[in-house]
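Peer 1: With the numbering used here applied, the sequence shown covers 100 to 288.
Cβ atoms here follow ideal geometry from the backbone N, Cα and C, with glycine treated the same way.
Remember, it's a predicted structure, so these values are computed and weren't measured experimentally.
Have a look at this one before I ask anything.
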Amino acid sequence: MSQKDVQEYIIDFKHMFEDEVDRHFMLGNEYWEKADCAEITSGSVDVSAHVKKMDEYFILDVKVNGDVMIPCDRCLDEFPAPIQADVHLLVQLGPEDAEINEETIAVNEVRGTLDLSSLVSEMVAVSLPLAHIHPEGECNQEMLERLAALSVTNVSDEENISGDTFEDNDSTNTIDPRWNELKKIKDNK
Ligand SMILES: [Zn+2]
């Protein structure tokens, strides 16, 4: 990431001499790998920002559009989650950075700048899908089988987890005979 790219992310409200400012940049893998944002490991997010200077405040519109990679909660493989979000904010200069209400934020007037990349990270984090799982049928089947085997091993035979491979662990496929006895008792009721 060059210095010029980083400059693109910063809006300097205090020294904004034009009436309107447009910014357009892409937050790619290099950004998401370093950003500590939800579970995102990489991605490609297109950002458009427009700032309009008013008498006592600024109007900031930001649109994001792209994909980020997040791990699937079911099979643990990563999958691309589509991201699309926009915000419309009023920005004021104030004694400190603050969220005044849902639509209005204050930017520290001594610094006078806002880093759009952190705003974008927040927008992306809240627009991730609630369920972090592959579309139906696209999970890594081999991984699902391994995880299923592991969870059975966890319950019945804890010491097997560390050393043995899954393949030669026959006990994972057989039901504990005690459960069969219990089931008989239950069924006779
Ligand atoms: Zn999956």
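Have a look at Ile139, Val167, Pro194, Met242 and flag the residue whose alpha-carbon is nearest the alpha-carbon of glutamine 183.
Peer 2: Val167
Peer 1: Are the beta-carbon atoms belonging to isoleucine 139 and isoleucine 158 less than 8 Å from one another?
Peer 2: With contacts defined as CB atoms closer than 8 Å, isoleucine 139 and isoleucine 158 fail to qualify as a contacting pair.
Peer 1: By DSSP, does leucine 227 sit in helix, in strand, or in coil?
Peer 2: Reduced to three states, the DSSP call for leucine 227 is coil.
Peer 1: By a C-beta neighbour count over all protein chains shown, 10 Å radius and 16 as the cutoff for buried, is glycine 289 buried or exposed?
Peer 2: This structure cannot settle anything about residue 289, because the visible part of the chain is limited to 100 through 288.
Peer 1: When you compare the CB positions of lysine 113 and glutamate 208, do they come within less than 8 Å of one another, or not?
Peer 2: yes
Peer 1: Do the stretch 104-124 and the stretch 145-159 meet, that is, are 3 or more Cβ pairs less than 8 Å apart?
Peer 2: Contact between the stretch 104-124 and the stretch 145-159 is present, because at least three Cβ pairs lie under 8 Å.
Peer 1: Does the structure place the stretch 244-254 close enough to the stretch 144-154 that three or more beta carbon pairs sit under 8 Å?
Peer 2: no
Peer 1: Taking only three categories from DSSP, how would you classify glutamate 155?
Peer 2: coil
Peer 1: For phenylalanine 178, verify whether its CB is less than 7 Å away from any heavy atom of ligand 1.
Peer 2: yes
Peer 1: Residues around ligand 1, please: the ones whose beta-carbon is closer than 5 Å to some heavy atom of it, in chain order.
Peer 2: Cys171, Arg173, Cys174, His233, Cys238
Peer 1: For glycine 142 and glutamate 119, I'd like the C-alpha separation in whole angstroms.
Peer 2: 29 Å
Peer 1: Determine the burial state of isoleucine 204: buried for a count of at least 16 other Cβ atoms within 10 Å of its Cβ, exposed for fewer.
Peer 2: buried
Peer 1: Give every residue of the same chain whose Cβ lies closer than 7 Å to the Cβ of glycine 165, excluding the five residues on either side of it in the sequence, and list them in chain order.
Peer 2: Gly142, Ser143, Val144, Asp145, Ile182
Peer 1: Can you tell which of Leu243, Leu189, Ala137, Gly127 has its C-alpha closest to the C-alpha of leucine 292?
Peer 2: Because the chain is modelled from 100 through 288, residue 292 falls outside the range shown and cannot be assessed.
Peer 1: Leaving out the 5 sequence neighbours to the left and right, which residues in its chain are closer than 8 Å to methionine 115 when beta-carbon positions are compared?
Peer 2: Val150, Lys152, Phe157
Peer 1: Taking 7 Å as the cut-off, does the CB of isoleucine 182 come closer than this to any heavy atom belonging to ligand 3?
Peer 2: For the structure depicted, ligand 3 is absent and the ligand set comprises only ligand 1.
Peer 1: Would you kindly report the start and end of the unbroken alpha helix (DSSP H) that includes glutamate 129?
Peer 2: It spans 128-133 - the alpha helix (DSSP H) in which glutamate 129 sits, taken as one unbroken run.
Peer 1: Let me know if lysine 288 comes out buried or exposed under the rule of 16 or more other beta-carbons within 10 Å of its beta-carbon.
Peer 2: Since pLDDT at lysine 288 reaches only 45, below the 50 mark, its modelled position is unreliable, and the value read off the structure follows with that caveat. Label assigned to lysine 288: exposed.
Peer 1: Tell me the DSSP secondary structure of glutamate 117 in three-state form.
Peer 2: coil
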